[in-house]
Amino acid sequence: MFSVTEQPQPVQGALTANELEKISELIYQRAGIVLTPQKKDMVYNRLSRRLRELNLRRFDEYIALLINNPTSKEWQEFINALTTNLTSFFREAYHFPTLAKHAQSRGGMYNVWCAAASTGEEPWSIAMTLEAALGRSITGPRVIATDIDTDVLEKATQGVYRLADLDTLTEQQKKTWFLRGTGEQASMVKIKSEYRNTVQFRQLNLIESQWDIPAPFDAIFCRNVMIYFDQNTQEKLLKRFAKMLKPGGILFVGHSEHFQNMNSPFRLLGQSVYRLAE
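Structure, rendered in structure tokens:
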């Protein structure tokens with residue numbers, strides 16, 4: 000006698016305009032993310048996986064499940080599915096010499112908040128930069144790295160990457176920070192144990208009223224995140240970031256994010272780098 004595993008039911012029908020509108024409302028309420036109608040195919044593809052996982056056949060069933068269960072763990076899966084996590088080591092590389100120079104110019108413990116850690120490449124790049132600029136920290140992690148997406152945080156915490164992901168690193172950085180796998184794992188690398196405590200990873204939703212992280216910071220990285228928020232949310236976040244920075248602190252944002260014309264407590268310092276106004 001044997002059992003047959005029940006196969007997930009196929010998703011029935013297209014994602015309607017009304018369903019997309021409701022999904023957009025829900026993700027905005029929970030994560031501040033703005034979904035435009037142009038994202039319809041992306042939403043369909045990503046959430047179809049959740050429907051199959053839950054053995055649901057229609058999007059209205061999934062929407063009802065979320066609305067009727069406001070504390071369900073499925074909300075986190077919903078957020079994870081709709082967040083975008085494009086990242087790499089030393090992405091937008093022109094920021095890191097600025098970070099090193101700023102760190103060297105300030106006395107005392109230098110702390111950085113990476114507000115969109117994704118799978119970890121950005122916070123590890125920050126940690127490498129600070130190590131080279133300031134030497135080894137003996138007082139704990141210099142980098143606090145947060146993200147709303149628990150799936151990417153799990154990978155970031157593990158610190159395991161493909162060797163090919165390290166193409167933007169120098170040979171010295173590779174040797175210093177990573178262990179290479181052997182045998183079937185020869186194409187993989189892992190952050191060395193002695194460097195694991197240079198970054199502390201935490202789950203955090205930027206639109207929550209309280210941020211449970213140890214401010215103040217000398218610098219904040221929030222790159223390629225604000226583009227997913229509307230202007231009202233952006234202005235609120237900029238004011239909150241200002242309160243999390245030490246005097247003379249700096250904010251790094253993505254190359255396509257501009258705030259000069261907003262009601263902002265920052266002034267432009269350089270290429271997508273802002274300094275806290277005096």
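Heads up: the sequence shown is residues 0 to 277, going by numbering that gives the first Met the number 0. The beta-carbon is built from N, C-alpha and C at its ideal position, and this holds for glycine as well. Quick caveat, the model's predicted, so the values are computed rather than measured.
Supposed contact pair Thr197 and Val151 - C-beta distance, whole angstroms, cut 8 Å: Contact doesn't hold; Cβ gap of about 19 Å is too wide.
With DSSP as the reference, please indicate the residues paired to Leu113 in a beta bridge. Correcting the residue identity first, residue 113 is Cys in this sequence and not Leu. Note: Cys113 sits in a beta bridge opposite Ala144 and Phe220.
Residue environment, Gln172, which counts as buried when at least 16 other CB atoms sit within 10 Å: buried
With distances taken from CA atoms, which of Phe200, Pro122, Ala131 and Asp217 is nearest Arg274? Asp217
For a quick check, are the C-beta atoms of Leu250 and Gln259 less than 7 Å apart? no
Please name the residue in Arg179, Arg29 and Ser271 whose C-alpha comes closest to that of Ile190. Arg179
Mapping the DSSP letters down to three states, classify Val42 as helix, strand or coil. helix
Less than 7 Å between the beta carbons of Ile143 and Gln199, yes or no? yes
Assign Met127 to one of three DSSP states: helix, strand, or coil. helix
Since Trp74 and Arg45 are thought to touch, with beta carbons under 8 Å apart, how far apart are those beta carbons, to the nearest angstrom? With a Cβ gap of about 15 Å, Trp74 and Arg45 do not count as contacting.
Closer than 8 Å is the cut-off here; do at least three beta carbon pairs connect the stretch 103 to 113 with the stretch 215 to 235? yes
Beta-carbon separation (whole angstroms), Ile226 vs Ser263, contact threshold 8 Å: Between Ser263 and Ile226 the Cβ distance is about 16 Å, and since that is not below 8 Å, they are no contact.
Cβ of Ile125 within 7 Å of Cβ of Asn204? no
In this structure, does DSSP put Thr4 in helix, strand or coil? With a pLDDT of 46 at Thr4, under the threshold of 50, the modelled position of this residue cannot be trusted, and the question is left open.
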